[in-house]
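Beneath this line is the structure, given in C-alpha cells, with notes to follow.
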Amino acid sequence: AARSAALEEAAADARRQSEQLRTYSLALEQALAAHEQLTEAAEAASRAKSEFLANISHEVRTPLTAILGHVDLMAEQLKPGTSTSHSLEVIRRNSRYLLTILNDLLDLAKVEAGKLRVEKVRCSPGEIVANLRELMDVRAREKGLPLLVETARLPATIVTDPVRVKQILLNLVGNAIKFTDHGEVVLSVEPEQFLDGEVILRFTVRDTGIGIPPEKLSDIFEAFEQADTSRTRRHTGTGLGLAISRKLAELMG
490 AARSAALEEA
500 AADARRQSEQ
510 LRTYSLALEQ
520 ALAAHEQLTE
530 AAEAASRAKS
540 EFLANISHEV
550 RTPLTAILGH
560 VDLMAEQLKP
570 GTSTSHSLEV
580 IRRNSRYLLT
590 ILNDLLDLAK
600 VEAGKLRVEK
610 VRCSPGEIVA
620 NLRELMDVRA
630 REKGLPLLVE
640 TARLPATIVT
650 DPVRVKQILL
660 NLVGNAIKFT
670 DHGEVVLSVE
680 PEQFLDGEVI
690 LRFTVRDTGI
700 GIPPEKLSDI
710 FEAFEQADTS
720 RTRRHTGTGL
730 GLAISRKLAE
740 LMG
C-alpha cells in the first residue's frame, strides 16, 4: 500500500512537471514568435529608413545641383570683390557643403541597404594620389598648411576601386586639414606586403592637429558619432565620413 501510494504520488508529480513543461514550452514558443515579429518589424523599419534616406537625398540633391550650376554661371558674369559676388560665394560654399552631406547620407543609405557596390579595375596609385593632392592642396593652403605626400616603391598599377579609394582619402585628409591649425598634414603610401606577385598598399594620413582622445577611437567610426561635440560647433561635420570610409574599406577587402 505504501509503495502504491508512493508510485501514485510520483506519477502525480510527473504529470505536474509535464504540465509545467508544456506551459513553459508554450510560453517559449510565444516569446520566440513575438521576438521574430519584433525582428521583422525592426528590419522593415531599417529598410524603410534606408530607402527614405536614399530617396530624400536624391530628391534634394537634384535641385541643389541645379542651384550650384546657376550660381557658377552668375559668378562668371560678375566682377570679383563686389557685395553680390561675395553673396554668391557664400551661397556656393554652403550649397557645396550641403551637397557633401547629402552624398554622405546617400552612401550611408546604400551601405545599410546592401546596395553600395565597389569595382575592381586596374589603375595607377600614383595618379590617385596626384588627383587627391590637386583637390586638397587648395584647402590646405587656405589654412596655411603644407600638404606633404610621401611615396615609396609604388607599383605602376594596382587592382582596386579608384573612386572609392579617393573617397576614403578625401575624408581622411579633409579631417586632418579641418582639425589642424598649425604644423602639417602628411599622406604617405608604401607597400606593406608582397605575396604571390600581389602588393598590399598602406595609406597613412598623419597630422599635427588636436588629436583624438584614446577612449573615442572606436566611437568615431560609428555613424553620426563625433569625438567631441564642443569641437563640432567650430568644425562642422555630420559624423558620417569615417563610418562610410570604414564600410568602403571593408567592401574592398
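Okay, so the sequence shown: first residue is 490 according to the working numbering, each after it adds one.
All C-beta atoms, glycine included, are put in the ideal place defined by N, C-alpha and C.
Since the structure is predicted, the reported quantities are computational estimates derived from the model, not experimental observations.
Alpha-carbon to alpha-carbon, residue j and residue i
i: T721; j: A555; result: Caution is warranted here: a pLDDT of 48 is assigned to T721, below 50, making its placement in the model unreliable, and no coordinate value can be reported.
i: G603; j: H559; result: 35 Å
i: S574; j: K632; result: 22 Å
i: E616; j: L624; result: 12 Å
i: I709; j: L587; result: 21 Å
i: S655; j: E518; result: Note that residue 655 is Lys in the sequence shown, not Ser. Approximately 50 Å, taken between the alpha carbons.
i: A499; j: S514; result: 22 Å
i: V688; j: L542; result: 37 Å
i: E752; j: L527; result: The structure shown does not extend to residue 752, since the chain is modelled only from 490 through 742, so no value can be given for it.
i: A523; j: A531; result: 12 Å
i: R536; j: E601; result: 8 Å
Proximity winner among the options, relative to residue i (alpha-carbon distances)
i: T646; options: K632, P635 and P614; result: P614
i: V626; options: A641, L659 and L542; result: The question names Val, but residue 626 in the sequence shown is Asp. Comparing Cα positions, the closest option is L659.
i: N583; options: L553, D593 and R611; result: L553
i: L690; options: Q682, Q506 and D696; result: Q682
i: R628; options: D670, A494 and E739; result: D670
DSSP state of residue i mapped onto helix, strand, coil
i: L706; result: coil
i: P552; result: helix
i: I689; result: strand
i: V648; result: strand
i: V675; result: strand
i: E498; result: helix
i: E525; result: helix
i: T640; result: strand
i: P668; result: With the sequence shown as reference, residue 668 is identified as Phe, and Pro is not the correct amino acid for it. It is coil, neither helix nor strand.
i: Q566; result: coil
i: R504; result: helix
i: E540; result: helix
i: E681; result: strand
i: T721; result: Confidence at T721 is low in this model, with a pLDDT of 48, below 50, so its placement is unreliable and the value that follows should be read with caution. Three-state DSSP puts T721 in a helix.
Beta carbon of residue i nearer than 8 Å to that of residue j
i: A503; j: L597; result: no
i: L706; j: V674; result: no
i: V618; j: T649; result: no
i: L737; j: V579; result: no
i: S734; j: L661; result: yes
i: L577; j: L567; result: yes
Where the beta strand (DSSP E) containing residue i begins and where it ends
i: R611; result: V610 to C612
Host alpha helix (DSSP H) of residue i (start-end)
i: I699; result: No alpha helix (DSSP H) contains I699, which DSSP labels as neither H nor E.
i: A490; result: No alpha helix (DSSP H) contains A490, which DSSP labels as neither H nor E.
i: L594; result: S572 to E601
i: L605; result: Element bounds for L605: n/a, residue is neither H nor E.
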